[in-house]
Each structure stands twice: as C-alpha cells, then as structure tokens.
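Everything in the first sequence is counted per numbering that gives the first Met the number 0, starting at 0 for the first residue and increasing by one. Let me begin by presenting the structure, written as structure tokens, before commenting on it.
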Amino acid sequence: MAVTRRRTYVPQEIEPKWQRTWVERGVMKAADASERRKFYNLVMFPYPSGDPTVGHMRNYVIGDLIARFKRMCGFEVLNPFGWDAFGLPAENAAKKRGNLHPRDWTLANIQSFRRQLEMIGILYDWDREVTACAPDYYRWTQWLFLLFFERGLAYREMAPVNWCPVDETVLANEQVINGYCWRHEDVLVEKRYLEQWFFRITDYADRLLNDLDLLPEWPERVVTMQRNWIGRSHGVEIDFPLDGRAEGLRVYTTRPDTIHGATFMVLAPEHPLLPSLTTEGQRAEIQAYLEASRHQTDIQRLSTEGGKTGVATGAYAINPMTRERIPIWVADYVLGSYGTGAIMAVPAHDERDFEFARRFGLPIRQVIAPSGGERIAQDRAFTSKEGVLVNSGGLTGLSCAEAFERIGAELESQGTGRRTKRYRLRDWLISRQRYWGAPIPIVHCPTCGLVPVPLDQLPVTLPAHYERLSEQPEWYETKCPVCGGGARRETDTMDTFMDSSWYFLRFTDAQNQERPFDPELANHWMPVDQYTGGVEHAILHLLYSRFFQKVLQDAGLLSEPEPFKRLFTQGMVTRFGAVMAKSKGNGVSPEELVQGQGADAGRVYEMFIGPPEDDVEWSDQGITGCTRFLHRYWRLALAPETIAVTSTGADAAALRRKVHQTIRKVTDDYEGFHFNTAVAALMELSNAMHEHLAAGGERGMGWEESVRSLSLLLHPMAPHITEEVWSEIGEGLCADASWPVFDAVAASESQVDLVVQVGGKRRDVLRVPPELPEPAALKQALASPAVVRAMADREPRRVVYVPGRLINLVP
RNA sequence: GCCGGGAUGGCGGAAUCGGUAGACGCGGCGGUCUCAAAAACCGUUGGGGGCAACCUCGUGCGGGUUCGACUCCCGCUCCCGGCACCA
C-alpha cells in the first residue's frame, strides 16, 4: 500500500531522483529574453580545492535558497557558477605530488567539487559555467588586459616590490599582511627592486571612493574597509626653501594650519635629494643609516614602534612662514612611497613627530590651543583639529579650518604650494612570475619595444610543459608582430584576481566566441542583484571588480557604474573551535552529511544554526532538531491519520491565521537574510499544525492550505523533501510553483494579549480585541484580582495605554 | 593606539520605532511504547522561595533617563574583526 511505503522519510531514496528531475526540466536555466523581471544571483566562485566541507557549502546553500526563492516569486533568475581555477595552490600541490600537472589537479578538483554541490541539491545554470584556467576564458582575460593597455591603464615600471620567497613571486600590496605573505602567515615578504606590470587603479581612486555612496545595501563594515583602504586625505603641498640652494623641498601635509610649529624636516631614506643635501660631516653617519635601513624588512621598520631612528643631514630648510632655519633629518618613519617622501615635522601636534623630537632633543612649539582655552598635556602631542591658532603671527586666533584655507590660498598665490589630495591606495601590481596563470599578452621587441599581441592571435596559450615560463625558451622565443624580427614573449602571468574581476560579466554571455561578452546582454543582467561570499574579499576582489566595472564603463561596454548592488558576507563554520577543513581533521564532508541525515536536514541546519553573517560552531547533535522537524513535516503532509487525537477543540481560524502569519514572517526573513528565524517560524507552523490534528481538527481545505504553504515556504531550504511531498499534493514541480500569497485579513488576530502592569510590573494578562478603547481596557484591568491586590486601595495616578500591547496603571 | 561589531538560561540563539525577556532548537529531567535499548512520541525545564494561588531576582559591570530599559544616554570590563608610523 502506497501509504505504508511512504510512511518513513528516507532522504537517500528521494534526493538523487529530484536532483535529476530538476536538471532534466531545466529548472535553473536562465533565459536572456523573458517577460519576467531579471534577478542576477551570484555566489563568489570558489578556488576548487579537493575536499570541500559542509562549511564551504554554507554560502552555496544561501545562494541556492535565494535563487529558488526568487524564482518562485516570479523573477527570471540568473544563477551561474564557475571556478577561480588559476593560482599557486595548484602548482604547490603538483610540486608536492611529483609529476602531477597543475591543470590535471585543478580539473579533477572541479569535478569532485561539482559533484558535492549537486548531491546537496544546489542548482546552477551549468550552461554558463566558467573556468578561469580554460583558454576560452583566459583568452578574454588577455583581451581585457590589452584593453587596459590601450587605455594607458597598464604600465611596466621598475619598483621596489613585495617578494614572497616561498612562492617565488611578487605580491600586490593587498596581499601583504603586516609584512607577511597572505598565503603563508609565517613568511616575511622581502623587498626587491624589479620591473613589473601595474594597473593604474589610483586613477580611479576618487570614483571608487565616491561611488561607495551608491551601495546602501552593502554591509557597513565592508564599505568602511574600502574607504580606509583607499585612504583619501586632503592636504597641501608646500615647497620649503632650502638654505643656500635655489630649489625647494616639497612636502605634503594635511595640517598646513600647524606650519608655524614646524621645527624640523624629515626625509624618507629613499628621497632623491638626500645625497645632495647631506653635508660632508654627516655623510658617513647617513651612509651607515641607509645601509642599516636597507637591510630591514617592512616588518622590522614597523616594529621600531616606541623607538624611532634617524640622522641629521646637516642641511637646513627655511620655514616659509617664520623664516626660521630648521634642520633636515632623515628617518625611516617617513615613507618614500607616500606623499612626496618628505614631511614638515610639527612635534607639538603630531604624535610621531613628537616622539622623534623628544628622542633627539628637537624643539617643540605649540601653535594650536583647544578652543575652550584648556591647558594641553605636555607629555604628548595635541592632535585635535578642534582648536585655534596661537603663536602663529598674523594667523593667530583663526580656527584650524580657517587657517587651512588661508594658508592654502596664500601659498597658491605665491606659487610655493597648492591644495591637493592624496591616497593610501597604490597602483595594483598584476604580474606574477609563475606558470599557472594567464600569460600577459605582450611581446618584447628589441626594435619596437612593448608590442601587444594582436587580438586575433589570442589566446596566448600556456605551454603544455609545466615549468616557470621564463625557463621555457621554446615558448617565449617568438617573432615581433610588428616588425617580424626576433622577440621575446612576456613571461609573467597575471594575478589571479584579474580572472575574478570580470567573471560575473562572462556569465551573462558565457559562450560568446567573438568577445568577452555582448554589452547588450551584460547590461541586461547587470548589476548583480545579490552577491554572496566571504568577508575575506572585502577589499581585494571587490575593489578590483569595481575598478574593472568602471574601466569597462568608460570603454563604452557597460552602462552601470557598480557591479554588485547588494552584498552579503556570510560567516565561517567552525567545528571543535577551528574553521572546518579536511586538513585539520575537523571537516564534515557533504558525502557524510548526505549519507547520514540527508541533504535537506543539512541545508536546514546550516540555515538554522545561527545568523548567516556570524561565524557558527557546527554541532553534530544540533542537526537532530532539523531532522526531527523534517520527519514531522513528512508525517503531517503524507500521513496525518497517524497523529493521535488527544484533545478536542481545534480552531480552524487559528490555524489559518498561523499559516498566513508564517507566510509573512518567512517571506520577510528570506528577503532580509534572517534564515535562522525563518526556520524557527516554519517549525512553529508545523507545531501548530500538529496541535491542530491532535485537537481533533478536520483535514479539509484549511488543512490542505497549511500543508501546501508549509511545503512552498520550506522548499528553498529543503527542496527534495518538499518536492516529494508536492508530487503527492500539488501540480507540476514545487520548484516551479508560485510563492504563497499573504492574506492580511486571515493573519489578523481578533483577540490579543494585553499585559496589565501596575507601576511598570506585570501583574496580569487579558484577552481583548486589539483596538479596545482605553476606558474599556481600564475597566477590565481594574477588575483583575491581581491588579486589585497590587494597587492596594490606591488610585491610578496615571494610566499608560498602548492598544494591543499593554496597560500600565501608575499608582 | 584608531575604527567597527558584540556580551541574553547548561548550549546555539529569539525579542532592539523602549512595551509579557528567553521564540525555535539542542541538552537535561519525567513519562508512553518495548523483554530491554535505540528511535519515535507526550510533558517539563532561567535562579531562589512557597503545598499552592503566587512572590522575588534576572539580558557583562557601575550610574542615569522613563510609567516602563536586553533596547536610549554617560562611564567601565572583556571578546571578535579591520587598520596600524599614509604626515
């Protein structure tokens, strides 16, 4: 008998069947031409490691949930997937396992990863799959490089760069964390002076900063991190005359208002004027200082906190406001790479200058005083801008802001300075000296110089043989595309962040053989409506992608200024206190989950475990609550007759009310990413349904509505079990069904709890209509024995009444 | 050091335009079923007091505002994340 057969819920018996059905029916295929409103849902494409855990699956479950939910709400959903498949881990793994090729390792991982996604029921439009290491993808990455090159945004320059001695390649600034390599937390990055490729991201600094205002649906902290990373400051460049020389010394300061307090100057060790400024008497000491600082890594320079070092050059500059002669020092607390590499030091109003002046006995002169006239502490710098000028000649008495403008204007009219801005952001170093990346499509010709590879010769494919490109002459020896003479291919590859900076565009037109994408299709689908991924990409990937979007907008290929409309950053999953990973021995694999509790229970649990933006601790027994919930749902939907009637008095209107309250709650929670409370609401509904049956409730239309609604609301989280139930109670696929419609009338309560307080303390609860008028409420409250006792013959001096919530009698 | 986020039962967490603190779940306890156990199901579960109706304390700590504070304000402690000589 059919009923007997389906009395038990066995996830392994139904899950593969529905996974096949969804694929056969093309459930997640996105149509470019559709009557429906588009919704571009994207999860960050992963680097395909071999052993994904349920921790990794968390954001794919979130993405799948949103995609399924939006489809049911009537959107044409684009929900694609791909692989960030270039990069060093593949090379390192290949090296470790002998003669394995990075490509083979990567492609095997992709297969395994994809299988695990599929077995937990995650659907994508696989027709649009993108693989960064495939020639038909990196061909277009190279195409985009050449676009940047033509637009003057890619350049080659000798520069001191960050070098990771383990990976044997350079790193972008963004990939250096406190002086350590981002991939090896115990490996110090070295400084090397090399010729490298850069992207002029600093040209876009203002737009990258200003357009953050277009992103109200990004997490505040990500916006803040980007803002700080770009680090725009407004200041003034000032030329300080040098004593006894014609040329000046240019400095950058954000505090020109403190110029009367500038009692010395400091040059960075790299400053070009340093050798010519150094006097004979100081030369030996300066040489020794430079020698010492050159051998220091960044981390060592940073660790000199609490003890700044420096040497006087013997030269002097003239303070243009006070006409004083002030000494010029060299110190490595001034960076050669920021501003002009030289500063005016105002020890009274800058902590670093203060510390330096204290150490070397240089004069400290206060020129700003708190506006309130308070005395300032003598043992530290007064750095507030809320003050007025003192000891500042004709400017004395002005506020800091007024003085900034006045001095700026004065210097500009004299031609000795100008107001300007600076950024912390540096140009993006994109070249890497390894094998497993997209080759930079440039040819070095001894006669023609840097020659871009013609577009019709793309892609410049990687040689089949796995070895550093610069070691493979048979690959890099070529002919110049312009003059035909002997030439050499660029042997650097591109940073993998290049691949991920535009993949979301390729998804809109993944099969295009003529161009990276058709602008019309890209503009149809873009921007990404919902982007979900880890916070670890808050700066790097998201900043680079925004940069690409803007460059392509300038090139006329895109119309939107920003690629990602709404961003969600999910937390990590830990187990036994550490981030879940196969290598740490604390991972739970998708296979284990599917074979144990089933994909649906795992998905529901991942959503229920905690707020999705928080890190959460996986609990092996915590999941049982979700398993029980699914079993209960199964029994309610398919075998309600097995639930024992233990009382009478079922209320059909109450059930219907609960159903509609749940529709509203779950819909709002899905929209607002409160998946944990959505699960709780569905559990509540199933509890109410169970009580309804236990109280002898009938199983007519109201009951059916509750089963259908619960199935639809649960489907995005637990698609297999709901699909199986739907095949018994509904038409077509549950995945294709429409989202339930909320009925406000059905959801409204005729009677609500009214809390009665006496002096702010809860004394009783009354069942009353929600809009009960105050006099009636007061009358009922005063009739309550508990209230009579608490009032103790006193009269209410005051009554606070909030209809539908509480009445508070204040004696 | 600076910026941001947080602290609620045994545990994960709900509830923040100020209005029943602890939804939902885990675990615990008691029970049904069973030869027994598991599973499932039912009941119960913040602390203290009381036979009970009830009373009382309780959202990191100390103050304050309010009829009423997990929620707002002031001052702390601790935890997490980001940045860290950017002039």
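Note that the Cβ used here is the ideal one computed from N, Cα and C, for glycine as well.
Note the first and the last residue of the continuous beta strand (DSSP E) segment covering Cys-444.
441-444
Going by DSSP, name the residue or residues bridged to Ser-398.
Val-387
Any idea if Met-700 is buried or exposed, counting beta-carbon neighbours within 10 angstroms, 16 or more meaning buried?
exposed
Simplified DSSP state of Leu-838, which is helix, strand or coil
No answer is possible for residue 838: the residues shown for the chain start at 0 and end at 810.
Figure out for me which residue from Asp-599, Asp-614 and Asp-210 has the closest Cα to the Cα of Tyr-632.
With distances taken between CA atoms, Tyr-632 lies nearest to Asp-599 out of Asp-599, Asp-614 and Asp-210.
Using three-state DSSP, classify Leu-213 as helix, strand or coil.
helix
Measure the alpha-carbon distance for Val-450 versus Val-442 and round it to whole angstroms.
5 Å
Residues of its chain near Asp-752, where Cβ-Cβ distance is below 6 Å and the 5 sequence neighbours each way are ignored:
Val-764
Taking contact to mean at least 3 C-beta pairs separated by less than 8 Å, is the segment 356-369 in contact with the segment 377-391?
yes
Less than 7 Å between C-beta atoms, sequence neighbours within five positions excluded: which residues of the same chain meet that for Gly-230?
Tyr-422, Arg-423 and Leu-424
Run through the segment 157-232 for me and flag every whole beta strand (DSSP E) of 3 or more residues, listed as ranges in chain order.
168-170, 183-187 and 189-198
Exposed or buried, which one is Ala-1 when buried takes at least 16 other CB atoms within 10 Å?
Residue confidence is low: Ala-1 scores 39 on pLDDT, short of 50, so the model does not pin down where it sits. No coordinate-derived value is stated.
Any idea which residues DSSP pairs Tyr-422 with across the strands?
Looking at the DSSP assignment, Tyr-422 forms no beta bridge with any residue, so it has no partner.
Alpha-carbon to alpha-carbon, Ala-153 and Phe-239:
Taking the straight line from one Cα to the other gives about 34 Å.
Is Arg-127 buried or exposed, if buried means 16 or more other CB atoms sit within 10 Å of its CB?
buried
Own chain, CB closer than 7 Å to Thr-140, minus 5 neighbours either side, in chain order:
Exclusion of the five residues before and after Thr-140 leaves Ala-437, Met-493, Met-497 and Asp-498 as the residues of its chain whose Cβ lies within less than 7 Å of its Cβ.
For the segment 533-572, which segments carrying the beta strand (DSSP E) assignment without a break, of at least 3 residues, lie completely within its bounds, in sequence order?
Secondary structure in the segment 533-572: the beta strand (DSSP E) runs of 3 residues or longer, each lying completely within the stretch, are 566-569 in chain order.
Which two residues bound the contiguous alpha helix (DSSP H) that contains Ala-694?
First-last for Ala-694: undefined, no H or E at that position.
Given a cut-off of 8 Å, decide if Tyr-475 and Arg-488 are closer than it, judged by their beta-carbon atoms.
yes
Tell me the residue span of the alpha helix (DSSP H) that contains Asp-135.
134-149
Going by the beta-carbon positions, is the gap between Phe-263 and Pro-319 smaller than 8 Å?
no
Closest Cα partner of Gly-758 within the set Asp-517, Pro-795 and Gln-750
Answer by Cα proximity: Pro-795.
Using the beta-carbon count (16 or more within 10 Å), is Lys-95 buried or exposed?
Exposed is the call here.
Can you look up Asn-40 in the DSSP assignment and give me helix, strand or coil?
strand
Alpha carbon to alpha carbon, how far is Ala-330 from Glu-284? Give it in angstroms, no decimals.
12 Å
Rounded to a whole number of angstroms, what is the C-alpha to C-alpha distance between Thr-568 and Val-221?
9 Å
For Arg-24, I'd like the list of residues in its chain whose CB is within less than 7 Å of its CB, leaving aside the five on either flank, ordered along the chain.
Leu-732
Where do the ends of the alpha helix (DSSP H) carrying Gly-62 lie?
53-71
Is it true that the CB of Leu-684 sits closer than 8 Å to the CB of Leu-811?
Nothing can be reported for residue 811, as the shown portion of the chain is limited to 0 through 810.
Sheet register partners of Ile-806 (DSSP bridge):
Partner(s): Val-755 and Tyr-800.
Keeping to the same chain, check which residues put their C-beta closer than 7 Å to that of Thr-490; ignore five residues upstream and five downstream.
Leu-468, Ser-469 and Tyr-475
DSSP three-state label for Met-264, please.
strand
Any idea if Cys-822 is buried or exposed, counting beta-carbon neighbours within 10 angstroms, 16 or more meaning buried?
There is simply no residue 822 to check, as the chain begins at 0 and stops at 810 in what is shown.
Close Cβ partners of Arg-418 (< 6 Å) along its chain, the five nearest in sequence each way excluded
Val-235 and Gly-407
Let me make sure I understand the geometry here. Which of Ala-653, Met-716 and Glu-690 has the alpha-carbon closest to that of Ala-734?
Here the closest residue by C-alpha is Met-716.
Met-343 bridges to which residues according to DSSP?
Met-264
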